[in-house]
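Heads up: the structure comes next, in structure tokens.
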Amino acid sequence: MSEIITLTAAAEDVGIRLDKYISDNIAELTRSAVQGLCESGEISVNGKIAAKNYKLRSGDGISVNIPDPQPMDAVPENIPLDIVYEDGDLLVVNKPKGMVVHPAHGNYTGTLVNALLHHCGDSLSGINGVIRPGIVHRIDKNTSGLLIIAKNDASHLKLAEQIKEHSFTREYEAVAAGFFKETSGTIDAPIGRHKIDRKKMCVTTENSRNAVTHYEVLRQFGGYAHVRLRLETGRTHQIRVHLAYLGHPVLGDDVYGKPYKGIDGQCLHARKIGFIHPTTGDYMEFTSDLPAYFSSILDRLGKM
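When the letters of the sequence shown are read in order and numbered with this note's numbering, they come out as residues 160 to 463.
What follows is the structure, encoded as structure tokens:
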């Protein structure tokens, strides 16, 4: 299923080449990929097919049609899976920290998808193409925890609709830096692509999407806090961006915060997932114990 993304050029974007602007604002697309889409007529400005070297004007409406992923050699690999639940329609898996969800540049093997292809064979939904078979939603490489996988297209569509309608339960736990004056609250701040570093997201009103995260502080340590977070929306890096926006970056997040000795990447765990089963209509909810790396950090902080 192709995806159409729309952007609007602001006054400060005037004169920027179209290919550079799009690659700076859509993480999935490199500049060369954007140029290829321009050549194939997949990008328009104000309703007209545009060339890659078009210079933007204020208010230009840009439409980018991202076609279905092209087949790639994602091969089955006999990688152990921590399966929390499985039936004929779906799986719930507990992804370890450090595992990439699907093949991408630099990570073509050892991913969750490679493991799923070995475990499920052809029984995975094809809505996201052969690069991401069965993947309904994602978590970052260095985030551990629960993910749901669809085994057929009908289940995939129903689960994706729940995410869109915000009826899909996704609860995380994190260790965050700093002392929280407010021990619970809601972060309602739109998230979009960083204008300078295209690999990062940020809170912004330009070319952004609404993002809402609810949080509760479970325990405060000396300069750190154990926090529970519930996603209302699911934007890229949402929890990491929102906590950094509050001034409380996730511990070990070397993109939105700073590294922490003893862990590789952010201390963030997808602990709970809940959804309506696409066939039975029953509500199902699963939880995952905190992994060893997370518990050891809490023990270390508790002794400070």
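All C-beta atoms, glycine included, are put in the ideal place defined by N, C-alpha and C.
If we ignore side chains and look at the alpha-carbon of each, how far apart do residue i and residue j end up?
{"i": "glutamate 162", "j": "isoleucine 238", "result": "31 Å"}
{"i": "alanine 313", "j": "glycine 247", "result": "12 Å"}
{"i": "leucine 405", "j": "leucine 390", "result": "16 Å"}
{"i": "aspartate 241", "j": "isoleucine 221", "result": "42 Å"}
{"i": "tyrosine 244", "j": "isoleucine 208", "result": "47 Å"}
{"i": "methionine 443", "j": "serine 284", "result": "20 Å"}
{"i": "serine 465", "j": "tyrosine 331", "result": "Any question about residue 465 goes unanswered here, given that the chain covers just 160 to 463."}
{"i": "glycine 280", "j": "histidine 296", "result": "20 Å"}
{"i": "glycine 433", "j": "threonine 439", "result": "14 Å"}
{"i": "threonine 167", "j": "glycine 195", "result": "21 Å"}
{"i": "threonine 189", "j": "arginine 357", "result": "10 Å"}
{"i": "alanine 263", "j": "isoleucine 181", "result": "20 Å"}
{"i": "lysine 462", "j": "tyrosine 267", "result": "41 Å"}
{"i": "lysine 431", "j": "glycine 393", "result": "14 Å"}
{"i": "isoleucine 398", "j": "valine 362", "result": "11 Å"}
{"i": "glycine 218", "j": "glutamate 365", "result": "12 Å"}
Do residue i and residue j have their CB atoms nearer than 8 Å?
{"i": "cysteine 426", "j": "valine 334", "result": "yes"}
{"i": "aspartate 172", "j": "valine 193", "result": "no"}
{"i": "valine 376", "j": "serine 326", "result": "no"}
{"i": "isoleucine 294", "j": "histidine 261", "result": "yes"}
{"i": "lysine 256", "j": "leucine 271", "result": "no"}
{"i": "alanine 336", "j": "histidine 396", "result": "no"}
{"i": "isoleucine 435", "j": "glutamine 321", "result": "yes"}
{"i": "alanine 274", "j": "phenylalanine 339", "result": "no"}
{"i": "glycine 304", "j": "serine 447", "result": "yes"}
{"i": "alanine 386", "j": "methionine 360", "result": "Here residue 386 turns out to be valine, not alanine, going by the sequence shown. Cβ distance not < 8 Å, so valine 386 and methionine 360 don't count as in contact."}
{"i": "aspartate 423", "j": "asparagine 301", "result": "yes"}
{"i": "histidine 428", "j": "phenylalanine 445", "result": "no"}
{"i": "leucine 276", "j": "proline 437", "result": "no"}
Between residue i and chain C, is the shortest Cβ-Cβ distance under 8 Å, so that the two count as touching?
{"i": "serine 454", "result": "Of the protein chains in this structure there is only one, and it is not chain C."}
Between which two residues does the alpha helix (DSSP H) carrying residue i extend?
{"i": "tyrosine 452", "result": "451–461"}
{"i": "alanine 192", "result": "190–198"}
{"i": "valine 272", "result": "271–279"}
Specify, as a first and last residue, the run of the beta strand (DSSP E) that residue i falls within.
{"i": "arginine 297", "result": "Element bounds for arginine 297: n/a, residue is neither H nor E."}
{"i": "serine 326", "result": "Unbroken run through serine 326: none, as it is neither H nor E."}
{"i": "tyrosine 180", "result": "Not the beta strand (DSSP E): tyrosine 180 falls in the alpha helix (DSSP H), residues 177–184."}
{"i": "isoleucine 164", "result": "162–167"}
{"i": "threonine 203", "result": "For the sequence presented, residue 203 should be read as serine rather than threonine. Unbroken beta strand (DSSP E) run through serine 203: 202–204."}
{"i": "alanine 476", "result": "The displayed coordinates of the chain run from 160 to 463. Any statement about residue 476 would go beyond what the structure contains."}
{"i": "tyrosine 428", "result": "The residue asked about is misnamed: residue 428 is histidine in this sequence, not tyrosine. Here the beta strand (DSSP E) through histidine 428 covers 427–435."}
{"i": "threonine 446", "result": "442–446"}
Under 7 Å: does the beta carbon of residue i sit that close to some heavy atom of the ligand ADP?
{"i": "leucine 377", "result": "Ligands in the displayed structure: none, and consequently the ligand ADP is not present."}
> What residue ranges within the region 330–415 form continuous beta strand (DSSP E) runs of no fewer than 3 residues, ordered along the chain?
Replying inline: Complete beta strand (DSSP E) runs here, min 3: 343–347, 350–352, 360–362, 371–379 and 383–390.
* Just list the beta strand (DSSP E) runs in the region 211–259, keeping only unbroken ones of 3 residues or longer that don't cross its boundaries, in chain order. => Secondary structure in the region 211–259: the beta strand (DSSP E) runs of 3 residues or longer, each lying completely within the stretch, are 220–225, 242–245 and 249–254 in chain order.
Should the region 363–373 be called in touch with the region 336–350, which here means at least 3 C-beta pairs below 8 Å?
-> Touching, yes.
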